[in-house]
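S.K.: Numbering (my numbering), first residue to last: 376 to 564.
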Amino acid sequence: MDKLHPTKAELEFLSLAFNKFYDIYEEILYKSSFWNETAFYRFSKIKEAYSLYGELQMYEPIKWKLQEMKISRPPMESEIAKELFKCIRNIFSHFPFFSCWNEVWITEELINWNKPNQSIDKFIKKYLNHKEVEYRFWESETKKMTYVSIKFPVDFSNKIFLKDIISEREGVKFSLILMKQVMDSCVVK
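Below is the structure:
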């Protein structure tokens, strides 16, 4: 007989992960002083949010939502919500020697230092020279529309800075909003 889902262990993990993510989301998007914090403090919170979302991507209903987004949402939204965010999370996880968003960089040699053709390498090569993707979102606190661009690398022979792919302030806000939309699809209200 198949186990019923979510199991007790899944519920415990999901409760902890969702609650922590939502706390970080609230701080970054709605606490006006967040962007006045040190770059290191901001980066620590941002890394934590990407890490939590990366772990939650393994939960089957999240996978279903990401798959459904390929059909129902604008082009590239599913790929960004899944592949780009996973790539960023993996950069943070495997190269933990950066102190702030604007310092983060990779090269083909660096990401393949131990074993070639892993997830970061595959992502960069898959989207190398892909056209820029633009989004906008409403910020209720400031009552304004914010625009963000995601720019994929055009060259893999030099340093690729994360800030050149997606900006810290607008890019992280956009990322968290999209992550939350994916996660909210699994929440019974």
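For every residue, glycine included, the Cβ atom is placed at its ideal position computed from N, Cα and C.
(1) Looking at the secondary structure, which residues open and close the alpha helix (DSSP H) in which residue 474 lies?
(2) Residue 535: which of 496, 563 and 395 sits nearest, CA to CA?
(3) Hey, is the region 424 to 434 in contact with the region 457 to 473, meaning 3+ C-beta pairs nearer than 8 Å?
(4) Residues in the same chain with beta-carbon distance under 6 Å from residue 541, minus the five sequence neighbours each way, listed in chain order, please.
(5) If residue 409 and residue 403 are in contact, beta carbons under 8 Å, what's the gap, nearest whole angstrom?
(6) Name the one or two DSSP bridge partners that residue 521 has.
(7) Take residue 415 and list the residues in its own chain whose beta-carbon comes closer than 8 Å to its own, dropping the five residues that flank it on each side.
(8) Tell me which same chain residues have a C-beta within less than 6 Å of the C-beta of residue 422, skipping the five on either side of it?
(9) Indicate whether residue 527 and residue 521 have their beta-carbon atoms separated by less than 7 Å.
(10) Quick check on residue 457: buried or exposed, where buried means 16 or more other Cβ atoms within 10 Å of its Cβ?
(11) Can you list the alpha helix (DSSP H) stretches of 4 or more residues lying completely in the region 386 to 452, in chain order?
(12) Consult DSSP for residue 527 and reduce its assignment to one of helix, strand or coil.
(13) Does residue 433 pass the burial test, meaning 16 or more other C-beta atoms within 10 Å, or should it be called exposed?
(14) From which residue to which residue does the alpha helix (DSSP H) around residue 500 run?
M.R.: Considering the structure as presented:
(1) Note, residue 474: premise wrong, no alpha helix (DSSP H); not H, not E.
(2) 496
(3) yes
(4) 525
(5) 5 Å
(6) 512
(7) 474 and 475
(8) 467
(9) no
(10) buried
(11) 414 to 431 and 435 to 447
(12) coil
(13) exposed
(14) 494 to 502
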